[in-house]
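Data first, discussion second: the structure below is written as structure tokens.
Residue numbers (this note's numbering): 1204 to 1355.
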């Protein structure tokens, strides 16, 4: 992974911040818009719960979290914590997380974009679900992906 890819992050603008607030509020009432959930992960420095809306991906019987904006705070916290919770209403599903290597990401990014390109496509620099594997591999290091497994 190159330094520019490792530092890749797109800050949310005001409209996104407002939309995230609405999605978090709706998720808190037990309604997952288009399958969204609220990700809760412990802060790597504070240890406090940090939350953000996410779109979990189900692919080949497994679940994943993809960071469309890049190496965000939730990604850095996830790396440190090794897991978190997906929340919807009063339900909280604890999970462990393992980061997916870049070489294994193209089919996951394709499936993610097929499902949510309408919402997150602008963060993928023109790469879409019909792009060749080489293009998906080119951007893979800019979009962390975690395989999540329910905690027992």
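Glycine residues also receive a C-beta, built at the ideal position from the N, C-alpha and C atoms.
*Give me the Cα-Cα distance between residue 1292 and residue 1259, rounded to the nearest whole angstrom.*
Spanning the two alpha carbons is a distance of roughly 16 Å.
*Backbone CA spacing between residue 1320 and residue 1283 [nearest angstrom]*: 28 Å
*Just the C-alpha distance for residue 1323 and residue 1211, rounded to the nearest angstrom, thanks.*
A straight line joining the alpha-carbon of residue 1323 with that of residue 1211 spans about 15 Å.
*Are residue 1298 and residue 1241 touching if we call contact CB-CB under 7 Å?*
no
*Taking buried to mean at least 16 other C-beta atoms within 10 Å of its own C-beta, is residue 1304 buried or exposed?*
exposed
*State the DSSP-derived secondary structure class of residue 1310, mapped to helix, strand or coil.*
helix
*Residues bridged to residue 1188 by DSSP?*
Given that the chain is displayed from residue 1204 to residue 1355, the structure contains no residue 1188 and the question cannot be resolved.
_Burial state of residue 1287 (16 or more Cβ within 10 Å)_ = By the 10 Å Cβ count, residue 1287 comes out buried.
*Counting pairs of Cβ atoms below 8 Å between the segment 1305 to 1313 and the segment 1328 to 1339, do you hit three or more?*
yes
*Return helix, strand or coil for residue 1264, following the three-state DSSP convention.*
Assignment of residue 1264 by DSSP, reduced to helix, strand and coil, places it in the coil class.
*From this set, 1214, 1280, 1275 and 1272, which residue's C-alpha is nearest residue 1248's C-alpha?*
1280
*In terms of alpha-carbon separation, which member of 1226, 1354, 1355 and 1343 lies closest to residue 1271?*
1343
*Nearest to residue 1294 by alpha carbon, out of 1313, 1235, 1221 and 1246?*
1235
*Which term fits residue 1239, buried or exposed, when burial requires 16 or more other beta carbons within 10 angstroms of its beta carbon?*
The residue is buried, with at least 16 neighbouring Cβ atoms inside 10 Å.
*Would you tell me roughly how many angstroms separate the C-alpha atoms of residue 1346 and residue 1326, rounded to the nearest one?*
9 Å
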